[in-house]
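Just so we're aligned: 634 in our numbering is position 154 of the sequence shown, and the numbers increase by one with no gaps anywhere. Even glycine gets a Cβ: it sits at the ideal position worked out from N, Cα and C. If you're wondering where the values come from, they're calculated on a predicted model, not measured in any experiment. Worksheet for the structure shown next.
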Amino acid sequence: MKTKQKIALLLLPISLLTACSTDGGVDPMLQQNQSFSDFPEVAGLSGSKPEISAPKGTPPAKLETQDIFVGSGAEAIATSVLEVHYTLMAWSSGQLVESSWDSGQTATFPLSGVILGWQQGIPGMKEGGRRLLVIPPDLGYGAQGAGGAIGPNETLIFVVDLIKVS
């Protein structure tokens, strides 16, 4: 998938969710509310494409986050512009949908312009960190899906490497 298409896929929800807002914080109840034993496992060294195992069981109903590596740089907030590498997998199929690592090009965008799962799951993350986001449909692309491998009501699995915060 071309870089412009990837960015368009990430920015699509802004046109659908312009009335939604967030305070930028991550509710502690959103984190760790289900055992990660059923979740995808993430392997790989910092600075390289992550490997994600296919998930098992029923997807969570709430946003789940897990820091794979904790960064030491600037911290993302709701108004940040981010430069990231990311990998996306669909929960239902365990299919790798896309990865910015494949093109070697990072993606840059305002956090306020992407799906709610990112808006709620990225704040607090620091540059140099890698975070697993398991995003339920209501915080992703919802009943409409995003086309292709992201069908209606799909739970999304993102592994995000935060390169730069501005």
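Our two residues, Ile630 and Ala541, have alpha carbons roughly 17 Å apart in a direct line.
One thing to note: Thr588 has its Cβ no nearer than 8 Å to the Cβ of Ser580. Secondary structure at Pro590: strand, using DSSP grouped into helix, strand and coil. The DSSP-derived three-state label of Ala570 is strand. Looking from the CA of Val614, the closest CA among Thr538, Lys644 and Lys529 belongs to Thr538. Secondary structure note for Leu596: its alpha helix (DSSP H) is the uninterrupted segment Leu596 to Gly601.
Around the beta carbon of Ser528, fewer than 16 other beta carbons sit within 10 angstroms, so the residue counts as exposed.
Within the same chain, Cβ atoms closer than 8 Å to the Cβ of Pro616 are found at Pro539, Pro540, Ala541, Lys542, Leu543, Gly597 and Thr635, the five residues on either side in sequence being excluded. Counting along the chain, the unbroken alpha helix (DSSP H) around Asp582 starts and ends at Ser580 to Ser583. C-alpha of Asp582 to C-alpha of Ile532: approximately 14 Å in a straight line. Following the DSSP letters along the chain, one finds Leu619 in no beta strand (DSSP E), marked with neither H nor E. Counting every other CB atom within 10 Å of its CB across the protein chains shown gives Pro603 a total of 16 or more, marking it as buried. Scanning Val594, Arg611 and Glu578 for the CA closest to the CA of Leu619 turns up Val594.
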